[in-house]
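Chemist: Using my numbering, the first residue of the sequence shown is number 3, and each one after it goes up by one.
Beta carbons: idealized from backbone N, C-alpha and C, even for Gly.
Attaching a single structure in structure tokens format; questions to follow.
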Amino acid sequence: MAVVQDKHVEVENKQGLNLGALEERVIRLVDLVKQLKADNELLLEESAQLKEDNMLLVEENMQLKKSLDSLEKTFMVEVQDLQDLSQEKAMTKAVVDDLISSIDSLVTVAKSKK
């Protein structure tokens with residue numbers, strides 16, 4: 003009977019060891035789950051902040067695009083004005099050259115009549 007009792011105690015000890023190891027694993031798993039939940043909460047907060055930052059950047063980008071479009075339009079108007087002035091300058095130069103030629107011709111005719 004002592005042998006049976008020793009085996010029974012041995013089985014209880016093994017079960018106690020297995021139960022203790024199982025309890026430790028459960029405790030570690032619970033701690034791991036708590037840590038993962040905390041990490042997830044931090045990541046969700048960071049994600050929300052990043053979304054907000056992204057929305058602000060999108061809005062700023064739209065404003066910058068509007069400013070760029072406005073500057074491009076102004077630039078195109080200025081380029082057109084510059085082209086118009088260049089054409090006017092060329093026409094004025096041609097008219098002045100013709101006028102000088104006419105004056106030279108008149109002076110030559112006047113000198114030849116003297």
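Please return the same chain residues whose Cβ sits closer than 7 angstroms to the Cβ of V109, not counting the five positions on each side in sequence.
Modeler: Translated into the one-based positions of the sequence shown, residue 109 becomes position 107. Excluding sequence neighbours, V109 sits near nothing in its chain.
Chemist: Grab me the residues of R30's own chain with a C-beta within less than 8 angstroms of its C-beta, minus the 5 sequence neighbours each way, in chain order.
Modeler: Locating residue 30 in the sequence shown gives position 28, where the first residue counts as 1. Cβ neighbours of R30 beyond the five flanking positions: none.
Chemist: Rounded to whole angstroms, what's the CA-CA distance from S107 to D100? Just pull it up for me.
Modeler: Taking the sequence shown and counting its residues from 1, the one referred to as residue 107 is at position 105. Taking the sequence shown and counting its residues from 1, the one referred to as residue 100 is at position 98. Approximately 10 angstroms between the Cα atoms of the pair.
Chemist: For Q51, collect the residues of the same chain with a Cβ closer than 7 angstroms to its Cβ; drop the 5 residues on either side in sequence, then sort them by chain order.
Modeler: As a working mapping, residue 51 is identified with position 49 in the sequence shown. Cβ within range, chain order: n/a, list empty.
Chemist: To the nearest angstrom, how far is the alpha carbon of E43 from that of N63?
Modeler: For the purposes of this step, residue 43 is taken as the residue at position 41 of the sequence shown. For the purposes of this step, residue 63 is taken as the residue at position 61 of the sequence shown. Spanning the two alpha carbons is a distance of roughly 30 angstroms.
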